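The letter at position 179 of the sequence shown is residue 179 when you use UniProt numbering, and the numbering goes up by one with no holes. Glycine residues also receive a C-beta, built at the ideal position from the N, C-alpha and C atoms. Computed from a prediction, not measured in an experiment: that's the story for all the values here. The structure appears right after this line, and notes come after that.
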Amino acid sequence: MTTKATNIHPVFDRIIGRDEKEQFLNQKACVVWMTGLSGSGKTTIAIGLEKELQKRGFLTQILDGDNIRTGINKNLGFSEEDRTENIRRIAEVSKLFVNCGIITINCFVSPTLEIRKQAKDIIGEDFREIYVNASYEECEKRDVKGLYKKARNGEIKNFTGLDAPFEAPENPFLEIKTSDMTPEQSVEEVVNAILPQLIKNK
1 MTTKATNIHP VFDRIIGRDE KEQFLNQKAC VVWMTGLSGS GKTTIAIGLE KELQKRGFLT
61 QILDGDNIRT GINKNLGFSE EDRTENIRRI AEVSKLFVNC GIITINCFVS PTLEIRKQAK
121 DIIGEDFREI YVNASYEECE KRDVKGLYKK ARNGEIKNFT GLDAPFEAPE NPFLEIKTSD
181 MTPEQSVEEV VNAILPQLIK NK
């Protein structure tokens, strides 16, 4: 059983606040949370979005599932408990970036309604959920990382969409159907939707 520490003294009230940092960066921070099956196009869209926003003078940070699991979450597996902890840590890191005024672009399967609600509860009103929608069949056909083949061969257990569930968002900020669009079209649609969210009121 973990005992809550009693010797913690936060200094949030003494450091430069988010509003001042947003004024400095001339942008409004938020978390663009992309959810969808592996291979649906989340990372491709995120990279395109980052490039387009930088052209317009916005400061961003991408948090991607594979990158995170080689660093801060390298000790976690893919059990239900570890997936929950994975998303909890990511949401807390995202909140830190937002408090620095930075637009955070997240690419995580985050497969269940409950796990994404956890992220939203931590991040708060700055959470913008984007459903990158591609069918299991389409993602398996792409199989850009070779994961679907390994899952079919039994080399990967609890693979989302095959032997672990994926629950589609019920009311996302935006839904992108990547089976029907080019990557460039997908990026353009996300840019157009998210840009008004990033303008800092003077």
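Just checking, does the stretch 41-56 make contact with the stretch 165-185 on the three C-beta pairs under 8 Å criterion?
Enough Cβ pairs lie closer than 8 Å, so yes.
Going by other Cβ atoms of all chains shown within 10 Å of its Cβ, with 16 needed for buried, is residue 129 buried or exposed?
By the neighbour-count rule (16 or more Cβ atoms within 10 Å), residue 129 is buried.
Using 8 Å as the cut-off, can you tell me whether the stretch 136-145 makes contact with the stretch 70-80, which would need three or more C-beta pairs spanning the two stretches below that distance?
Not touching, per the Cβ criterion.
Would you mind reading off the limits of the alpha helix (DSSP H) that contains residue 139?
It spans 136-142 - the alpha helix (DSSP H) in which residue 139 sits, taken as one unbroken run.
DSSP state of residue 174, grouped into three classes?
Three-state result, residue 174: strand.
What's the call for residue 83, buried or exposed, on a 16-neighbour Cβ count within 10 Å?
Residue 83 is buried by the Cβ-count criterion.
Output yes or no for whether 9 Å exceeds the beta carbon distance between residue 79 and residue 153.
Cβ distance not < 9 Å, so residue 79 and residue 153 don't count as in contact.
Name the residue from 111, 85, 50, 194 whose alpha carbon lies nearest to the alpha carbon of residue 127.
Closest by alpha carbon: 194.
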